[in-house]
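Visitor: Going by the numbering used here, the residue at position 185 of the sequence shown is 185; the numbering climbs one at a time, nothing skipped.
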Amino acid sequence: MIVLRIVTNIASINSQRVLSNASSAVNNAMEKLSSGLRINSAKDDAAGLQISTKLSTQINGLTVAKRNANDGISMLQVAEGAQQEITNALQRMRELAIQASNATYSKSDRKALNQEFIQLKDEIDHINEDTRFGDKNLFQTSSGSLIDTVERDMAKALQKTWLSESEDIIKKQFGIVGSGSLKIDFEHLDGDGGTAAYVKPGYLGGKAVQMVMVIDKDDFPDSASIHDDSSLALNETILHEMVHATMAANFDLTNLPTWFIEGTAESIRGADGRLKTDSANLGLANVINDGAAGGNNSLNDLQGVTGFSPSTGAEIAAVYSGGYMALRYMHSKLGDDGLQTIMSELTKGQSFDASLNTAASGQWTNEAAFFTDMMTTGDDAANPAKTRLQLYVEAEMDLTNLDNGALGGRDASRGEIRENTMQGTGSGRLDGTKGFREYLILNDSDSTIADFDVGATYNTPSGGEILLEDYDVGVKGAGGEFVSLQIGANSQQFIGFTLGSFNSKNLGLEQAELIEQPQFAIFAVDDALVIVDKQRAVLGASMNRLDKTINILENIVENSSASRARIRDTDFATQTAELTKMQITQQAATSLLAQANQVPQLALSLLQ
Numbered sequence: 001m002i003v004l005r006i007v008t009n010i011a012s013i014n015s016q017r018v019l020s021n022a023s024s025a026v027n028n029a030m031e032k033l034s035s036g037l038r039i040n041s042a043k044d045d046a047a048g049l050q051i052s053t054k055l056s057t058q059i060n061g062l063t064v065a066k067r068n069a070n071d072g073i074s075m076l077q078v079a080e081g082a083q084q085e086i087t088n089a090l091q092r093m094r095e096l097a098i099q100a101s102n103a104t105y106s107k108s109d110r111k112a113l114n115q116e117f118i119q120l121k122d123e124i125d126h127i128n129e130d131t132r133f134g135d136k137n138l139f140q141t142s143s144g145s146l147i148d149t150v151e152r153d154m155a156k157a158l159q160k161t162w163l164s165e166s167e168d169i170i171k172k173q174f175g176i177v178g179s180g181s182l183k184i185d186f187e188h189l190d191g192d193g194g195t196a197a198y199v200k201p202g203y204l205g206g207k208a209v210q211m212v213m214v215i216d217k218d219d220f221p222d223s224a225s226i227h228d229d230s231s232l233a234l235n236e237t238i239l240h241e242m243v244h245a246t247m248a249a250n251f252d253l254t255n256l257p258t259w260f261i262e263g264t265a266e267s268i269r270g271a272d273g274r275l276k277t278d279s280a281n282l283g284l285a286n287v288i289n290d291g292a293a294g295g296n297n298s299l300n301d302l303q304g305v306t307g308f309s310p311s312t313g314a315e316i317a318a319v320y321s322g323g324y325m326a327l328r329y330m331h332s333k334l335g336d337d338g339l340q341t342i343m344s345e346l347t348k349g350q351s352f353d354a355s356l357n358t359a360a361s362g363q364w365t366n367e368a369a370f371f372t373d374m375m376t377t378g379d380d381a382a383n384p385a386k387t388r389l390q391l392y393v394e395a396e397m398d399l400t401n402l403d404n405g406a407l408g409g410r411d412a413s414r415g416e417i418r419e420n421t422m423q424g425t426g427s428g429r430l431d432g433t434k435g436f437r438e439y440l441i442l443n444d445s446d447s448t449i450a451d452f453d454v455g456a457t458y459n460t461p462s463g464g465e466i467l468l469e470d471y472d473v474g475v476k477g478a479g480g481e482f483v484s485l486q487i488g489a490n491s492q493q494f495i496g497f498t499l500g501s502f503n504s505k506n507l508g509l510e511q512a513e514l515i516e517q518p519q520f521a522i523f524a525v526d527d528a529l530v531i532v533d534k535q536r537a538v539l540g541a542s543m544n545r546l547d548k549t550i551n552i553l554e555n556i557v558e559n560s561s562a563s564r565a566r567i568r569d570t571d572f573a574t575q576t577a578e579l580t581k582m583q584i585t586q587q588a589a590t591s592l593l594a595q596a597n598q599v600p601q602l603a604l605s606l607l608q
């Protein structure tokens with residue numbers, strides 16, 4: 001049945017739809033062909049756009065990194081060229097020293113030779129001071145600014161060693177893990193406040209979402225820790241503060257007793273050394289109970305106290321040593337899983353009293369009950385005045401050793417909850433099995449930051465200089481500058497090395513002369529040549545490494561570009577065929593639309 005309509009022309013509407021789709025497809029194909037891109041907006045391929053954008057970010061970053069590496073090679077070539085001239089000067093100085101050592105020369109002759117010798121020393125100083133790459137002085141750095149150049153590498157090393165290992169230990173011992181972020185800040189604070197490091201948490205909803213660990217280099221001693229021993233204390237402090245950071249990330253610390261917070265942090269690293277010192281200075285009984293030395297600042301007076309800030313030796317003994325003893329006593333009563341249970345309950349939002357009650361299975365219903373049990377006397381007939389805590393400490397804790405609580409294997413001999421393999425001795429020998437690096441923060445201007453491997457023997461003569469046998473000092477204040485080259489597309493992807501300072505003083509030539517001691521000058525120049533040659537070898541190896549880095553970067557850029565092209569670029573063969581097809585469809589739709597618009601006119605013939 002044929003139906004003729006005037007108002008609604010279905011054939012025309014259909015033709016318009018087909019024409020619209022064909023026109024849109026033609027425009028889309030022309031856009032892809034003209035731009036050369038398959039993805040011109042998110043609507044073309046949302047997932048593909050996201051992936052290709054990430055690839056573009058990587059490609060662009062790696063391209064810049066390749067330029068950085070090339071610039072680094074150029075800089076090292078300048079440095080190595082300057083060192084070549086220093087070597088040439090040293091060779092001539094050695095010739096003069098050998099010549100002056102000959103008995104055929106009089107003192108006046110040696111004075112003449114010494115004039116050239118001194119001029120060559122001055123030229124070495126001139127090369128050291130004025131060798132630049134652009135505006136950057138390669139061999140000189142001002143005291144006090146070194147922390148800025150080394151901070152990123154220091155933070156990276158901390159993240160890879162202390163922080164990650166600290167997190168592993170804390171998780172194993174307490175069953176809690178950190179969340180959010182922890183930023184490392186190196187700061188010069190008041191210099192005499194005694195605060196080596198601390199964590200500043202930023203809270204949201206009762207939990208720390210961002211934490212800043214502030215490391216105060218001024219409060220780390222040059223040669224001795226708080227135990228008057230030549231051992232390092234920085235790793236202990238980092239681990240201690242990591243406990244604070246991890247606890248803050250899991251629950252609100254503001255409502256927890258101070259002795260529990262500090263005792264937990266002390267217990268994981270072992271604090272027998274601190275306890276030994278406090279016991280010797282204040283007396284063990286005064287650390288635990290009220291007494292003349294302890295005053296009102298003993299552990300017994302810290303029950304229920306939160307937000308306590310110790311300022312005197314007695315207060316510190318109560319918070320740290322007292323808290324450590326209390327945690328050790330609690331651990332001995334609760335067993336291996338007791339503290340983990342407390343942490344688990346605190347993470348669930350339970351109060352400290354409720355968490356303690358759960359872990360103790362009703363043995364201690366709250367903090368007060370725990371203190372009552374711990375401070376009970378009369379268990380030992382021979383010493384009826386001693387508390388259970390004091391008897392436990394004397395029987396189970398080693399107050400004859402200095403335990404530094406470094407990261408390492410478990411000290412299983414007494415079932416302690418700390419981690420320890422490192423012992424400090426008066427000679428400064430560090431023995432350990434861990435492969436991490438130790439960092440010693442010094443406030444001597446000539447040796448600001450030094451790093452060395454566990455097992456290195458070091459000493460601290462007057463002036464605070466660190467001498468290492470068979471170990472290279474990573475950074476030495478005015479003695480050289482740590483240089484980092486960004487050779488990756490992401491943060492912390494860089495390589496670093498130290499450009500030493502090669503003035504006559506650092507080369508050991510300051511006292512060398514040819515008038516009275518030409519033989520000494522030969523030895524001094526030989527030693528200087530060894531120093532320069534070692535640095536040149538490092539630079540040569542670094543340049544070779546950068547060459548390999550550039551090759552790797554070029555390979556990654558090439559393959560990443562190919563991957564991006566497969567996702568983003570237009571296939572011209574496919575799009576040309578699509579354009580041709582849709583153009584034909586567009587022309588056909590246009591022709592048929594014209595015919596469809598003529599259909600209503602047929603109705604006029606019925607009216608004649």
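Note that the Cβ used here is the ideal one computed from N, Cα and C, for glycine as well.
Note that the structure is predicted; figures quoted are calculated from it, not measured.
Can you give the Cα-Cα distance for F497 and N102, rounded to whole angstroms?
Guide: Cα-Cα distance, rounded: 42 Å.
Visitor: Which value, in whole angstroms, describes the spacing of the CA atoms of L602 and S12?
Guide: Spanning the two alpha carbons is a distance of roughly 14 Å.
Visitor: What residues match up with A547 in a beta bridge as DSSP calls it?
Guide: Per the sequence shown, residue 547 should be read as Asp rather than Ala. None, per the DSSP bridge assignment.
Visitor: Exposed or buried, which one is F260 when buried takes at least 16 other CB atoms within 10 Å?
Guide: F260 is buried by the Cβ-count criterion.
Visitor: Based on the DSSP output, what are the partners of L617 in its beta bridges?
Guide: This structure cannot speak to residue 617, because the chain is shown only from 1 to 608.
Visitor: Using the DSSP secondary-structure output, state which residues sit across from I495 in a beta bridge.
Guide: The partner list for I495 (beta bridge, DSSP) reads L485.
Visitor: State the Cα-Cα distance for the pair R38 and A562, rounded to the nearest angstrom.
Guide: So the alpha carbons of these two residues sit roughly 14 Å apart.
Visitor: Looking at the unbroken alpha helix (DSSP H) that takes in V64, where does it start and where does it end?
Guide: First-last of the alpha helix (DSSP H) with V64: A46 to A100.
Visitor: What would DSSP say about A594, mapped onto helix, strand or coil?
Guide: Correct three-state label for A594: helix.
Visitor: Within this structure, are the beta carbons of G48 and R568 separated by less than 8 Å?
Guide: It is a contact, given that the beta carbons lie within the stated cut-off.
Visitor: To the nearest angstrom, how far is it from the Cα of A697 to the Cα of D130?
Guide: There is simply no residue 697 to check, as the chain begins at 1 and stops at 608 in what is shown.
Visitor: If you draw a straight line from the C-alpha of L607 to the C-alpha of A588, how long is it?
Guide: Between L607 and A588, the C-alpha separation is close to 32 Å.
Visitor: What is the residue span of the alpha helix (DSSP H) that L346 lies within?
Guide: Looking at the DSSP string, the run of the alpha helix (DSSP H) that includes L346 is G338 to T347.
Visitor: Compare the C-alpha of Q583 against each of R17, R5, A22 and V7 and name the closest.
Guide: Taking only the C-alpha atoms, the option nearest Q583 is A22.
Visitor: Please check the pair N9 and V599, which I expect to be a contact at CB under 8 Å, by giving their CB distance rounded to whole angstroms.
Guide: The Cβ separation is near 6 Å, so the contact holds.
Visitor: What is the C-beta distance between A359 and T341, in whole angstroms, given that I count them as a contact (C-beta under 8 Å)?
Guide: Their Cβ separation, rounded to whole angstroms, is 4 Å, which keeps A359 and T341 in contact under 8 Å.
Visitor: Drop a sphere of 10 angstroms on the beta-carbon of P384, count the other beta-carbons inside from all chains shown, and report buried for 16 or more, exposed for fewer.
Guide: Counting Cβ neighbours within 10 Å, P384 comes out exposed, since fewer than 16 surround it.
Visitor: In this structure, does DSSP put T387 in helix, strand or coil?
Guide: T387: strand per DSSP, three-state reduction.
Visitor: Any idea what DSSP makes of T358, helix, strand or coil?
Guide: In the structure shown, T358 sits in a helix (DSSP, three-state: H, G or I).
Visitor: Quick one: what's got a C-beta closer than 7 Å to L592's C-beta in the same chain, skipping five residues either side?
Guide: Only S15 meet the Cβ criterion.
Visitor: Is the beta carbon of L509 less than 8 Å from the beta carbon of K121?
Guide: Against a cut-off of 8 Å, the Cβ pair of K121 and L509 comes out as a contact.
Visitor: Where does S231 land, buried or exposed, given buried means 16+ other C-beta within 10 angstroms?
Guide: The pLDDT assigned to S231 is 33, lower than 50, so where the model puts this residue is not dependable, and the model offers no usable value.
Visitor: With DSSP collapsed to three states, give me the class of K505.
Guide: Here K505 sits in coil by DSSP.
Visitor: Is it the case that the stretch 84-91 contacts the stretch 68-75, given that we only count it when at least three CB pairs across the two stretches are under 8 Å?
Guide: No: the two stretches stay apart, fewer than three of their Cβ pairs being nearer than 8 Å.
Visitor: From the DSSP output, read off the bridge partner residues of L37.
Guide: Answer by DSSP bridge pairing, in chain order: D569.
Visitor: How do the stretch 325-339 and the stretch 252-266 stand: do at least 3 beta-carbon pairs fall below 8 Å, yes or no?
Guide: Yes, they touch.
Visitor: DSSP on N555, reduced to helix/strand/coil?
Guide: Helix, per DSSP.
Visitor: Where V18 and K66 are concerned, what is the direct C-alpha to C-alpha distance, given to the nearest angstrom?
Guide: Approximately 52 Å between the Cα atoms of the pair.
Visitor: In angstroms with no decimal places, state the Cα-to-Cα distance between G322 and T246.
Guide: Rounded to the nearest angstrom, the two C-alpha atoms are 22 Å apart.
Visitor: Quick check on Q595: buried or exposed, where buried means 16 or more other Cβ atoms within 10 Å of its Cβ?
Guide: The residue in question, Q595, is exposed, as its Cβ has fewer than 16 Cβ neighbours within 10 Å.
Visitor: Quick one: what's got a C-beta closer than 8 Å to N40's C-beta in the same chain, skipping five residues either side?
Guide: Same-chain partners within the cutoff: E31 and K32.
Visitor: Using the three-state DSSP reduction, which class does T104 fall into: helix, strand or coil?
Guide: DSSP places T104 in coil when its eight states are reduced to three.
Visitor: On the DSSP bridge assignment, give the partners of N137 in chain order.
Guide: Partner(s): R132.
Visitor: Can you list, in chain order, the residues of its chain whose CB lies under 6 Å from that of A512, leaving out five sequence neighbours each side?
Guide: Cβ within range, chain order: A521 and A524.
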